[in-house]
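Trainee: Dumping the structure here so I can ask a few things about it.
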Amino acid sequence: MSTIRSSRFLRNALSLDAAACAGTGLLLAGTAGALAEPLGFPAGFLRGAGLVLLPCAALLAWFASRETLPRRAVHLVVAVNLLWIADSVAILLAGWFAPSSLGIAFVLGQALAVAAVTELEIVGLKRSAEGGTALPA
2 MSTIRSSRFL RNALSLDAAA CAGTGLLLAG TAGALAEPLG FPAGFLRGAG
52 LVLLPCAALL AWFASRETLP RRAVHLVVAV NLLWIADSVA ILLAGWFAPS
102 SLGIAFVLGQ ALAVAAVTEL EIVGLKRSAE GGTALPA
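First residue of the sequence shown? That's 2 in my numbering, and the numbers climb one at a time after it.
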């Protein structure tokens, strides 16, 4: 198994991803009822999305705390983020829900934020060294 010595840049990007997942997860899980009408999504859907994000946040925070990681772990984070972005767009295009303008803006805004964090993680991965010494951040 190929391991990397995580650059500070990668650990910071993973920390940012963890914080964003935790914040969004708490927001959606905790205020799903209040957000349902203004966003145009069912409360159960919002709550479920929020609850999915919380364990992801914990795993990302753990990854961010490691100086050495399996390269596959970072690839998995990137892949899951790309899947989240694709699913966000699919939710808007599939017609399963009737989101409000605010709901559409929320979905697109969080998808763009996930894309930005994913790019930071890719840059951080490139700045990380195989197994031994980390490159300067």
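Glycine residues also receive a C-beta, built at the ideal position from the N, C-alpha and C atoms.
Is residue 71 helix, strand or coil when you go by DSSP?
Mentor: Three-state DSSP puts residue 71 in a strand.
Trainee: Please classify residue 77 as buried or exposed, where buried requires at least 16 other C-beta atoms within 10 Å of its C-beta.
Mentor: The residue in question, residue 77, is exposed, as its Cβ has fewer than 16 Cβ neighbours within 10 Å.
Trainee: Alpha carbon to alpha carbon, how far is residue 31 from residue 125? Give it in angstroms, no decimals.
Mentor: Computed Cα separation, rounded: 32 Å.
Trainee: Helix, strand or coil for residue 35? Go by DSSP, reduced to three states.
Mentor: It is helical.
Trainee: What is the rounded straight-line gap between the Cα of residue 40 and the Cα of residue 96?
Mentor: About 15 Å.
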